[in-house]
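In this note's numbering, the protein residues as written are 298 to 620.
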Ligand SMILES: Cc1ncc(COP(=O)(O)O)c(C=O)c1O
C-alpha cells in the first residue's frame, strides 16, 4: 500500500506545505469522479534524479483532460517544469509523482463544464507496489469485475472515475488472498490489471491486449514493447483469451508503480515454470537499467532534475548484477 507523504505539493503555481494542500468538500471531482491524473516515477541515476518518460506522461494527462472537457490552464512545457520543480522540492528518490487535474470549487451540478480547472502535483517516496512478488512473481485472480466499455468510459483517458472497477477488482482479489486482479473486457477477453497492463509470452513471442479491450495505453507497456523489439522479440497486440493466459510460457504486468512484475500463477493455474521466465527476465534487466540511466540507447527517456544527489555509477564489471 502506498502511504501518501511528502513535503510540498504544487497547487496552481504555488508550492504549499503537504498538510495545507486542501480543496472544498463539495468539489465536482470528489462527487462525480471527473478528474484526470498521471502516475510518474523518478529514479536515482548517475546524473541525479531521472524522471521516466516525462513528456509522454504530460501528453497523456492533457489528452485525458481534453476527453473529459477539462481545459487545463497550463501548456505541456509549464506542466513538465512544475513536475520537475515538485520533484526537486520534495527531495525524495525513488519517487512517485502524481499530477491531478480537477475542479476543486464547490459545484453539485453534474454537467459542470465551466468551473475552474486546477492542477496539483505531489511527489512522494515510491515503494515496490507488488512487494516481493515484483521479483518472484505474483498470484493473480481473474476478476468477476469487468472493464467498463470505452463507449461508457473511455479507457484511454486516465480518469479518476475509471478506477471504480479497478478498486472493486483489487479488493476482491485481496480478500481472496491474491496479489492482484486481472480484469476482462466486456466481451471476456483479457484487458489489464487494476493499475497495470498485461503481457504473455508464447514460443518466444510477446502478446499484449490492445485498445479494443478497453485498456489504458500504458507508457511502461510501450517502453517494454520497444525494449523487447530491440532485443529481437516480436511483440503482437491482439485480442487475448483467458485460455491463452493459462497456457502461456510466461506472463507479466507492466505499469509505472508495478514496473515489471512476473505472474507466477492465475487462480490455481501455474504459469509456465512458475518462476520469472527467460524473456521476462531479459526485458526486466534492460528496463531496470534504462530507468536508472544505465542504458545509453534509452537515455532520452529520462528528464534529469538539477540539484539532487547522483546515484553512484555502477562499476562496469558488476553491471549484470546491479539490478
Ligand atoms: C488501469 C491501468 N492500466 C495500465 C496502467 C499502466 O500504465 P503506465 O505504464 O503508463 O503506468 C495503469 C497505470 O497507470 C493503469 O492505471
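Glycine included, each C-beta is placed from N, C-alpha and C at the ideal position. As the structure is a computational prediction, the values presented were derived from the model and not from experiment.
Cβ-based burial, residue i [other Cβ within 10 Å; buried from 16]
i, result
"residue 424", "exposed"
"residue 332", "buried"
"residue 462", "buried"
"residue 637", "Lying before the first or after the last residue shown, residue 637 is absent from the chain, which here runs from 298 to 620."
"residue 341", "buried"
"residue 354", "buried"
"residue 563", "buried"
"residue 484", "exposed"
"residue 317", "exposed"
"residue 368", "exposed"
"residue 473", "exposed"
Cα-Cα separation, residue i to residue j
i, j, result
"residue 448", "residue 376", "29 Å"
"residue 565", "residue 599", "39 Å"
"residue 372", "residue 396", "14 Å"
"residue 337", "residue 348", "7 Å"
"residue 321", "residue 307", "17 Å"
"residue 323", "residue 315", "21 Å"
"residue 529", "residue 510", "26 Å"
"residue 597", "residue 525", "17 Å"
"residue 303", "residue 422", "7 Å"
"residue 576", "residue 408", "48 Å"
"residue 603", "residue 309", "22 Å"
"residue 549", "residue 379", "33 Å"
"residue 456", "residue 361", "7 Å"
"residue 522", "residue 329", "35 Å"
"residue 571", "residue 560", "8 Å"
"residue 464", "residue 547", "26 Å"
"residue 445", "residue 458", "11 Å"
"residue 567", "residue 475", "13 Å"
Residue i - DSSP class collapsed to helix/strand/coil
i, result
"residue 578", "helix"
"residue 409", "coil"
"residue 309", "coil"
"residue 613", "Per-residue confidence for residue 613 stands at a pLDDT of 42, beneath the threshold of 50, marking its modelled position as unreliable; no derived number is given."
"residue 494", "strand"
"residue 546", "coil"
"residue 324", "strand"
"residue 539", "helix"
"residue 531", "coil"
"residue 448", "coil"
"residue 354", "helix"
"residue 333", "strand"
Nearest-angstrom Cβ-Cβ length linking residue i and residue j, presumed shorter than 8 Å
i, j, result
"residue 478", "residue 438", "6 Å"
"residue 592", "residue 580", "Actually they do not touch by this definition, with Cβ atoms about 12 Å apart."
"residue 536", "residue 486", "5 Å"
"residue 492", "residue 554", "6 Å"
"residue 394", "residue 339", "6 Å"
"residue 573", "residue 345", "Contact flag wrong, Cβ pair sits at about 30 Å."
"residue 467", "residue 517", "That pair is no contact at about 18 Å."
"residue 398", "residue 416", "5 Å"
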